[in-house]
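Numbering (the numbering used here), first residue to last: 430 to 563. Even glycine gets a Cβ: it sits at the ideal position worked out from N, Cα and C. Keep in mind it's a predicted model, so treat the numbers as computed, not measured.
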């Protein structure tokens, strides 16, 4: 850690990046790691995507994601978050509650309270994106 107490960032010669998930996520729609990071960035990978999602109460994915080509894990950090899956809803209410769904499982979600969730998706698929506003 630097003498001034600030957090060190990417050091090109040692392949290490440190940061704050909340601050860094705000720069890239929540995404911390994946194929969409610059190729020279240690956070660039086609193996996995990681998102720090900050959602105010009432925030929701209005349209369902259909036919996703990735497996996903969503972990509740804080708040109350409902994942909508075909035939059922999963309520994440306690810190650490999580849901995993496989490739091709349609889904949507709603933040029932101000919530922070960590999403991990794999693989990181170049060229694949959910349309804006979804």
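- Sorting 551, 549, 544 by C-alpha distance to the C-alpha of residue 487 places 544 at the top.
- Segment contact: the stretch 525-539 against the stretch 483-497, three or more CB-CB distances shorter than 8 Å; contact assigned.
- Ranked by Cα distance from residue 514, the options 541, 551, 531 are led by 531.
- Listed in chain order, the non-local C-beta contacts of residue 539 below 6 Å within the same chain comprise 489, 511, local neighbours out to five positions each way being set aside.
- For the pair of segments examined, the stretch 517-524 was found not to touch the stretch 455-463: the number of CB pairs separated by less than 8 Å stays below three.
- By the CB criterion at 7 Å, residue 498 and residue 445 fall outside the cutoff.
- Under DSSP, residue 540 takes part in a beta bridge, and its partners are 510.
- Assignment of beta-bridge partners to residue 518 by DSSP yields 513.
- According to the DSSP assignment, residue 451 belongs to the alpha helix (DSSP H) that extends over 450-454.
- Residue range 527-530 is occupied by the beta strand (DSSP E) that includes residue 528.
- Per DSSP, reduced to three states, the secondary structure at residue 468 is coil, with no helix or strand assignment.
- Taking the CA atoms as reference points, residue 541 sits about 13 Å from residue 523.
- For residue 460, the enclosing beta strand (DSSP E) stretches over residues 460-462.
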